[in-house]
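S.K.:
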Amino acid sequence: MTDTLTIRCFGQLTDILGSARLEVPITNDSEELMHLLLKEYPLLKTTRFIVSVDRKVIREKTVLTPGSEIALLPPFSGG
Amino acid sequence: MTDTLTIRCFGQLTDILGSARLEVPITNDSEELMHLLLKEYPLLKTTRFIVSVDRKVIREKTVLTPGSEIALLPPFSGG
Amino acid sequence: MILQGEQLFHQGAIPAGKLADYIQQWGGDHSTGAFASFLGQVRADLVNNEPVTAIEYTAYETMAEEKMQEIATGVQQQYGLNALQVKHSLGLVRSGEICLMVITASAHRKAAIEGCNELVERVKKELPIWGKEITGSANHQWKINQ
Amino acid sequence: MILQGEQLFHQGAIPAGKLADYIQQWGGDHSTGAFASFLGQVRADLVNNEPVTAIEYTAYETMAEEKMQEIATGVQQQYGLNALQVKHSLGLVRSGEICLMVITASAHRKAAIEGCNELVERVKKELPIWGKEITGSANHQWKINQ
Chain A
4 MTDTLTIRCF GQLTDILGSA RLEVPITNDS EELMHLLLKE YPLLKTTRFI
54 VSVDRKVIRE KTVLTPGSEI ALLPPFSGG
Chain B
4 MTDTLTIRCF GQLTDILGSA RLEVPITNDS EELMHLLLKE YPLLKTTRFI
54 VSVDRKVIRE KTVLTPGSEI ALLPPFSGG
Chain C
733 MILQGEQLFH QGAIPAGKLA DYIQQWGGDH STGAFASFLG QVRADLVNNE
783 PVTAIEYTAY ETMAEEKMQE IATGVQQQYG LNALQVKHSL GLVRSGEICL
833 MVITASAHRK AAIEGCNELV ERVKKELPIW GKEITGSANH QWKINQ
Chain D
733 MILQGEQLFH QGAIPAGKLA DYIQQWGGDH STGAFASFLG QVRADLVNNE
783 PVTAIEYTAY ETMAEEKMQE IATGVQQQYG LNALQVKHSL GLVRSGEICL
833 MVITASAHRK AAIEGCNELV ERVKKELPIW GKEITGSANH QWKINQ
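These protein sequences, in sequence, are chains A, B, C and D.
Sequence positions in the first sequence follow the numbering used here and run 4 to 82.
Sequence positions in the second sequence follow the numbering used here and run 4 to 82.
Sequence positions in the third sequence follow the numbering used here and run 733 to 878.
Sequence positions in the fourth sequence follow the numbering used here and run 733 to 878.
#1: Using a Cβ-Cβ cut-off of 6 angstroms (strictly less than) and excluding sequence neighbours within five positions of ALA839(D), which residues of its own chain qualify?
#2: For ASN849(D) and PHE767(C), I'd like the C-alpha separation in whole angstroms.
#3: Which residue comes first and which comes last in the alpha helix (DSSP H) that contains LEU2(B)?
#4: Where does PRO77(B) land, buried or exposed, given buried means 16+ other C-beta within 10 angstroms?
#5: List, in chain order, every chain B residue whose beta-carbon is nearer than 9 angstroms to that of GLY812(C).
#6: What residues from chain B crowd round HIS772(C), counting only those whose CB sits closer than 8 angstroms?
#7: Would you list, in chain order, the members of the segment 818-847 of chain C that have their beta-carbon closer than 8 angstroms to a beta-carbon of chain B?
#8: What residues of chain D sit near ASN849(C), judged by a beta carbon separation below 8 angstroms?
#9: Closest to LEU36(A) by CA distance: which of THR50(A), GLY14(A) and THR9(A) is it?
#10: I want to see whether chain B comes within less than 9 angstroms of ALA791(C), judged by CB atoms only; does it?
#11: Using a Cβ-Cβ distance cut-off of 9 angstroms, determine whether LYS750(D) contacts chain A.
#12: Only counting the same chain, and skipping five residues up and downstream in sequence, which positions put a Cβ closer than 8 angstroms to that of GLY868(D)?
#13: Beta-carbon within less than 6 angstroms of MET795(D)'s beta-carbon, same chain only, minus the 5 sequence neighbours each way: which residues are those?
#14: How many Å lie between ASP777(C) and GLY863(C) at the Cα?
#15: What residue does the beta strand (DSSP E) around TYR754(D) start on, and which one ends it?
#16: Thinking C-beta only, is GLY828(C) closer than 9 angstroms to GLY760(D)?
#17: So what's VAL54(B) in DSSP terms, helix, strand or just coil?
#18: Could you say which of GLN743(D), ALA815(D), GLN773(D) and ASN780(D) lies nearest to GLN757(C) if we only look at CA atoms?
#19: Using CA atoms only, rank isn't needed, just tell me which of TRP874(D), HIS872(D), GLN739(D) and ILE876(D) is closest to LYS799(D).
#20: What would DSSP say about THR774(D), mapped onto helix, strand or coil?
#21: How many whole angstroms separate the CB atoms of GLN817(C) and ILE835(C), which I take to be in contact at a CB cut-off of 8 angstroms?
#22: What does the alpha-carbon distance come out to for the pair MET733(D) and VAL825(D)?
#23: So, for LEU25(B): in the same chain, excluding its five sequence neighbours on each side, which residues have a beta-carbon less than 6 angstroms away from its beta-carbon?
#24: Roughly how many angstroms separate the alpha carbons of SER22(A) and LEU40(A), rounded to a whole number?
#25: Going by C-alpha distance, which of CYS831(D), ALA815(D), GLU793(D) and VAL852(D) is nearest ALA837(D)?
#26: Less than 9 angstroms separating the beta-carbons of ILE787(D) and ARG854(D)?
#27: So, is ARG841(D) buried or exposed, given that buried needs 16 or more other C-beta atoms within 10 angstroms?
#28: Between which two residues does the alpha helix (DSSP H) holding TYR811(C) run?
#29: Rounded to the nearest angstrom, what separates THR7(A) and ILE73(A) at their Cα positions?
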């Protein structure tokens, strides 16, 4: 067990943050995580993104565990 | 100048009439032609078809000349 | 670019590779962002309890070519297509083989897709082409478009 | 037949010939009467007065593959498709090259065409894929789907 969460970033977020991965101390749920992320990485406020946990987009507060696969996803632009 | 009209037939009309071409004495217009054709070839009454003159479908009475390219077209079934 | 001076009709089944040929050729236009295509294939439908083995296509060729030019010009202008092509078989096409190919190219997907659909509908409704469905026992019936 | 166990992603530009390969392969199903396809190509649009020379695609690959399976299963059932395939590029695709290929097979044209359109829309809206538009002067901007 680890006491940090690794968060994957994609698209323009990798430009904005200068990295494709962020590390933060573990939080209980996705709402706590967002508070923490926006405090630690204020540049996140400059762009739109949604959050996925275990490869599913989440719309509501979601419980997190050290094994959760978390990602920040800016608007999709495939095709 | 010729005193007959040659009429091309397509699709199931070639089966019904046993021929891809009909010859009839010249008529002044398409309405007279239809009367003549239905009298000479009563099997034409057994199927639906439309008439083209010079490669355009006609919907109204059309004047004919010996040079008119006339065809009887059963329902299209391409594709 | 319309029809590129090519004939509408193709003797026998249309090879699937023709589709790729047009796309490669038209890809040189870098304002094109979308290709839509439709291929019609002869199905082994049951006719009087026997599967269709082939369709034999005949056409009023000169009228069909003229009408196709008129349709192509109209659809090209209406949808703002960069290119379009329609090929239809004449003669025998076996089940599992291709009898109709329609392809469009446009800047954006909506025009390419809608233009392609319109071409398919109009080809089936407006071109003087007839299909005779042939079954194993030398029987046949004339195809009816729905 | 769905996706045939193949990967969604293709490294670099998608060769147009792939389309013909699927059609030839699927033509063996004589209940299929219609193939519809869509190809997306990188356009040389102007970005800050410079033409786009390429798009570099990245993706959340595992999530995209899972989502694609879910979309494919849903669309296959909803439209009664005999087969479907979606391929999307990863990495650099130059303008005039193909970045997206969607193809469907069905008994009748309506299902093939509508199923193909739905797949195109959902691929663009729902798959976690990002395109970085690259212009000549080493500049870039992130693509925005309309």
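No residue lacks a Cβ here, since even glycine has one placed at the ideal position from N, Cα and C.
All values reported here derive from a predicted model rather than from experimental measurement.
M.R.: So, to answer that:
#1: SER763 and GLY765
#2: 12 angstroms
#3: In the structure displayed, chain B extends from 4 to 82; residue 2(B) sits before or after that span and is not available.
#4: buried
#5: Correct list: empty, because the minimum Cβ distance to chain B is about 25 angstroms.
#6: Residue identity differs from the one stated: residue 772(C) is Gly in this sequence, not His. Correct list: GLY82.
#7: HIS820, CYS831 and LEU832
#8: ILE845
#9: THR9(A)
#10: yes
#11: no
#12: GLU782, PRO783 and THR785
#13: PRO860
#14: 14 angstroms
#15: Note, TYR754(D): premise wrong, no beta strand (DSSP E); alpha helix (DSSP H) at 749-758.
#16: yes
#17: strand
#18: GLN773(D)
#19: GLN739(D)
#20: The sequence shown places Val at residue 774(D), rather than the Thr named in the question. Looking at VAL774(D) - three-state DSSP - the assignment turns out to be coil, as it is neither helix nor strand.
#21: 5 angstroms
#22: Interpretation of MET733(D) is limited by its pLDDT of 45, a score under 50 that renders its predicted location unreliable; the figure taken from the coordinates is listed afterwards. Cα-Cα distance, rounded: 28 angstroms.
#23: ILE10
#24: 14 angstroms
#25: ALA815(D)
#26: no
#27: buried
#28: 793-811
#29: 12 angstroms
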